[in-house]
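Q: The numbering of the sequence shown is our numbering, which starts it at 1 and goes up by one.
We put the beta carbon where it would ideally sit given N, CA and C, even for glycine.
This is the structure I have questions about; it appears just below.
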Amino acid sequence: MRWQRPSAEANVEDQSIETAAALIAAARAAGRAGYYKVAIVGLRGEPTPAILGRGSRTTDPLMLWILHVEMQRRGVPPCLRWQAPEDTRQQMFITFIADVLWLARGHPDHVTDHERWRKLFGYPTASEKWQRLARWLFVSGRCAQAGTHYYSKGLGLSDSQRQPLMMLLSNKMRGDRRLLNALPTYREALHRHALMHRDKSGKVAPSKIAERRAELLRLFILAGRRPTLAADFHLRLWGIRISRQALTRQITTIEIATGLRLRESRI
1 MRWQRPSAEA NVEDQSIETA AALIAAARAA GRAGYYKVAI VGLRGEPTPA
51 ILGRGSRTTD PLMLWILHVE MQRRGVPPCL RWQAPEDTRQ QMFITFIADV
101 LWLARGHPDH VTDHERWRKL FGYPTASEKW QRLARWLFVS GRCAQAGTHY
151 YSKGLGLSDS QRQPLMMLLS NKMRGDRRLL NALPTYREAL HRHALMHRDK
201 SGKVAPSKIA ERRAELLRLF ILAGRRPTLA ADFHLRLWGI RISRQALTRQ
251 ITTIEIATGL RLRESRI
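Structural data, given as structure tokens:
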């Protein structure tokens, strides 16, 4: 599918989708601004895994955006946060701007294929202008019914830029991530393997070994099967450094335990 510029139809804003600024204004009008302020302050003291759990459960679009902003502040890429919600267009829009925020902060000099879209990398990301432009772009893509391919082509994204994202994926990345739907099954296989090959020191339980390897499997898939990027993801998410060589050895064990051929990269 060739990328096309937004049609005139796309200039009509979809009033059913609110920018983050509009959601904040609505919260103030409803007398709930204090609730969100307390939540924002409280997040600073929460460990990252706890926030990730909240992100996977919330249906409140403003809270979802607040959680994304906190993860952005911590340098945790969108793909490591939680599964992209697709219950409503509002939630999808929040996911979309979380991806664009990551791109704008990480690639401020990026040049898009469409001149107007370049302002996403020029406007301050906290401004209403940035959010309204992002909404216009999101709605234009929905009108074209072209899916995430439309946005990625229009933004001129490379595979390496798309890899850390939650929504703007290539077909190969999306197919790889569908493997994660079977993660519980792989975890069981890893547990069986750990039971048969116990930790020689006796200090680490087989269940713990299986959980660690399941997490490495998840990160390896999300990293496009790139050991160096997977090791970087592990450091960003857990604050624990793992060498590329150590991770590769673990991937070999995971392949033996699960029957997967993970190093036959499809990306």
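Which runs of the alpha helix (DSSP H), 4 residues or longer, sit entirely within the stretch 185-234?
A: 206-222
Q: Between the alpha carbons of I66 and I40, how many angstroms are there, rounded?
A: 7 Å
Q: Does the ligand NAD have even one heavy atom less than 7 Å from the beta-carbon of A84?
A: This structure lacks the ligand NAD; in fact it carries no ligand of any kind.
Q: DSSP on W82, reduced to helix/strand/coil?
A: coil
Q: Can you round the beta-carbon distance between M173 and G224 to whole angstroms, since I take them to be within the 8 Å contact cut?
A: 7 Å
Q: Around the Cβ of I240, are there at least 16 other Cβ atoms within 10 angstroms (buried) or fewer (exposed)?
A: Classification for I240: exposed.
Q: From R32, E70, I24, pick the residue whose C-alpha is nearest to that of E46; which is it?
A: E70
Q: Is V117 buried or exposed, if buried means 16 or more other CB atoms sit within 10 Å of its CB?
A: The residue asked about is misnamed: residue 117 is Trp in this sequence, not Val. Flag for W117 reads buried.
Q: H197 to L168, Cα distance in whole Å?
A: 40 Å
Q: Only counting the same chain, and skipping five residues up and downstream in sequence, which positions put a Cβ closer than 8 Å to that of S243?
A: A231
Q: Decide if R135 is buried, meaning its Cβ has at least 16 other Cβ atoms within 10 Å, or exposed.
A: buried
Q: Could you check whether A20 and Q131 sit closer than 8 Å to each other, using their CB atoms as the reference points?
A: yes
Q: Counting only the same chain and skipping the five closest in sequence on each side, list residues whose C-beta sits under 7 Å from that of L52.
A: R81, W82
Q: Does W102 pass the burial test, meaning 16 or more other C-beta atoms within 10 Å, or should it be called exposed?
A: If you draw a 10 Å sphere on the C-beta of W102, you find 16 or more other C-beta atoms in it, and that means buried.
Q: Determine the burial state of T125: buried for a count of at least 16 other Cβ atoms within 10 Å of its Cβ, exposed for fewer.
A: Buried, by the Cβ-count rule.
Q: Would you tell me roughly how many angstroms separate the C-alpha atoms of K200 and V139, rounded to the nearest one?
A: 57 Å
Q: Can you list the alpha helix (DSSP H) stretches of 4 or more residues lying completely in the stretch 43-80, in chain order?
A: 48-57, 61-73
Q: Which runs of the alpha helix (DSSP H) spanning at least 4 residues fall entirely within the stretch 105-184, listed in chain order?
A: Counting whole runs of 4 or more residues, the stretch 105-184 contains the alpha helix (DSSP H) stretches 128-144, 147-155, 159-162, 171-178.
Q: How many Å lie between R32 and E188 at the Cα?
A: 44 Å
Q: Tell me the residue span of the alpha helix (DSSP H) that contains A30.
A: Note, A30: premise wrong, no alpha helix (DSSP H); not H, not E.
Q: Does DSSP put R249 in a helix, in a strand, or in coil?
A: helix
Q: At the level of alpha carbons, what is the spacing between K208 and R263?
A: 24 Å
Q: Using 8 Å for Cβ pairs, my map puts L190 next to A210. What's the rounded Cβ distance?
A: 4 Å
Q: Kindly indicate which three-state DSSP category I242 falls into: helix, strand or coil?
A: Residue state, collapsed to three classes: coil.
Q: Nearest by alpha-carbon distance to G75: which of T252, L179, F220, P164 is it?
A: P164
Q: Expressed to the nearest angstrom, what Euclidean distance is found between the alpha-carbon atoms of L260 and F121?
A: 39 Å
Q: By the 10 Å Cβ neighbour count, where 16 or more other Cβ atoms means buried, how is Y151 classified, buried or exposed?
A: Buried.
Q: Taking just the CA atoms, how far does P85 sit from H234?
A: Straight-line measurement puts the Cα of P85 at about 23 Å from the Cα of H234.
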